[in-house]
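Visitor: Under UniProt numbering, the letters of the sequence shown match residues 1 to 309, in that order.
Positions of the beta carbon are idealized from the N, C-alpha and C atoms, including for glycine.
Please read these numbers as outputs of a predicted model, since none were measured by experiment.
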Amino acid sequence: MTNSTETTTNASSDGQRTLRVATRGSKLAQTQAGHMRDALIDAGYPAELTIVTTAGDLSQAPVERIGVGVFTTAIRQSVFDGEADVAVHSFKDLPTAAEPRTHLVIPAREDRREALIARDGMTLAELPEGAKVGTSAPRRISQLKALRPDLDIRPLRGNIDSRMGRVTSGELDAVVLAFAGLTRVGLGANATQVFDPAEFMPAPAQGALAVECRAEDEYAREAVDKLVSVDDTTCATAERTVLAVLEAGCTAPVAATATIDGGQITLRGGVFALDGYAQLVEEAVGTDPVELGHVVAQKLFDGGAARFL
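1) Between Q30 and the rest of its own chain, which residues show a CB-CB distance below 7 angstroms, the 5 nearest in sequence each way excluded?
2) Taking DSSP as the reference, what is the three-state secondary structure of I106?
3) Which of helix, strand or coil does DSSP assign to S162?
4) Taking 7 angstroms as the limit between beta carbons, can you name the residues of its chain near F179, skipping five residues before and five after?
5) By a C-beta neighbour count over all protein chains shown, 10 Å radius and 16 as the cutoff for buried, is R65 buried or exposed?
6) Taking a contact to mean a Cβ-Cβ separation below 8 angstroms, would you say V175 touches G134 in this structure?
7) Suppose you measure from the CA of L300 to the CA of G25; what does that come to, to the nearest Å?
8) Could you tell me the alpha carbon to alpha carbon distance between V290 and D152, rounded to whole angstroms?
9) Whose C-beta lies closer than 7 angstroms to the C-beta of C213 among residues of the same chain, with five residues either side of it excluded?
10) Quick one: grab the DSSP three-state call for D42.
11) For R154, which of D173, L246, G165 and D161 has the nearest alpha-carbon?
12) In terms of alpha-carbon separation, which member of R157, L124, G158 and R163 lies closest to P149?
13) Taking the beta strand (DSSP E) that F272 belongs to, which residues open and close that run?
14) Using alpha carbons as the reference points, say which of A284, A278 and Q298 lies closest to K145.
15) So S229 packs on R109, CB below 8 angstroms; how close in whole Å?
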């Protein structure tokens, strides 16, 4: 089910086609899709937002229980059904299997790091013993437990404001959120600690958006291709390949982070036991992101990753 936030004529005043950009209705989703809409307009392609309600918006159950792709299926379907022309997703939420019906690009990436929002400005190390920390992501739970086995980890769903509100209200001592989401909605200053990716590894492609259109829609393809960031595409591809080869979904305790310098890609991947008492982290350097993702994933398999998945 969709409804546009603006009057949809699908044509601009000069007769040029207006691209309808599908997004979830949350503040974060609309903000990041709004950036893509504005980038399309700046590139010379009229665009407007179309809001899509997803199954994930209708349930407060943990994402791992609802299923992989819960936030993206309805958005993609709106494009397939012709109700929208372009879809904007958080890339880390997309299933790893390629969707042949779409043309997908990765624009400039936001900060990939994880952030802590804690009461009284505390860092993770400063939280009292047994502090209540909110997150439902197995990858975050396992790494928190590894760093602080004493923590009382509580389930957490909802938008950024409601998650932060559980700290403000005193219900929780802290929550862990993607720093990219905070910065996109202008709340980055609320983070009391931003973790080094070497200390607290992010999800594969965290901070990256995926913008896609129907594969046969030449006009939309031409438009979204203006948004591509080559280096961010390379890094996100390497990270997502680790996830795909491990055959793990977006809610699995798998992390990956890649950097690129002079054409050389450095890729680190990790898998974690949910109780925090074991983890495997492997690294490789190369020039082909897909090949590198396979190398790191194989190293993880060789180290016994299967027992964590």
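Guide: In this structure, then:
1) Cβ contact annotation for Q30 (same chain, cutoff 7 angstroms, sequence separation greater than five): T23 and L49, in chain order.
2) In this structure, I106 counts as coil in the three-state DSSP scheme.
3) helix
4) D111, R113, E114, A115, G188, A191 and V194
5) Residue confidence is low: R65 scores 48 on pLDDT, short of 50, so the model does not pin down where it sits. No coordinate-derived value is stated.
6) yes
7) 37 angstroms
8) 38 angstroms
9) A distance below 7 angstroms between beta-carbons, with the five flanking residues on each side excluded, links C213 to the following residues of its chain, in chain order: V79, D85, V86, T102, H103, A220, R221 and V224.
10) helix
11) The candidate whose alpha carbon is nearest that of R154 is D173.
12) The closest CA to that of P149, considering only R157, L124, G158 and R163, is found on L124.
13) Q264 to F272
14) If we check each option's Cα against that of K145, A278 comes out closest.
15) 7 angstroms
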